[in-house]
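Taking it in order: structure first as structure tokens, then the write-up.
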Amino acid sequence: MISIRLNGNEEQFPDDATLAEVVQHITSATQGIAVAVDEHVIRRTDWASTALHSGAQVDVLTAVQGG
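Just so you know, we're using the numbering used here here: the sequence shown kicks off at 3 and counts up by one.
Here you go:
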């Protein structure tokens, strides 16, 4: 298991977890999402191939419309 900080909370994931799996863990939304790993934005096309390491900081941001 690896320990990552997901939106500020410590979470445990399997050693081979990908960024796509972590995003699915936190939201089922498929649009309006931006994801950063260790303060670097990762393109959606790279989520499934982005491996994570213990101690990684993952921030999942969702767009909110308002006025």
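Note that the Cβ used here is the ideal one computed from N, Cα and C, for glycine as well. As the structure is a computational prediction, the values presented were derived from the model and not from experiment.
If we count the other Cβ atoms within 10 Å of its Cβ and call it buried at 16 or more, is residue i buried or exposed?
i	result
Leu63	exposed
Val24	buried
Val37	buried
Val39	buried
Val2	Any property of residue 2 remains undetermined from this structure, which presents the chain solely from 3 to 69.
Ala50	exposed
Report the partner residues of residue i according to the DSSP bridge assignment.
i	result
Arg7	Glu12 and Gln59
Ile35	Thr64
Thr20	Ala53
Is residue i helix, strand or coil when you go by DSSP?
i	result
Ala53	strand
Ile28	helix
Stretch-stretch touch, CB-based, cutoff 8 angstroms, three pairs: the region 7-19 with the region 29-36: no
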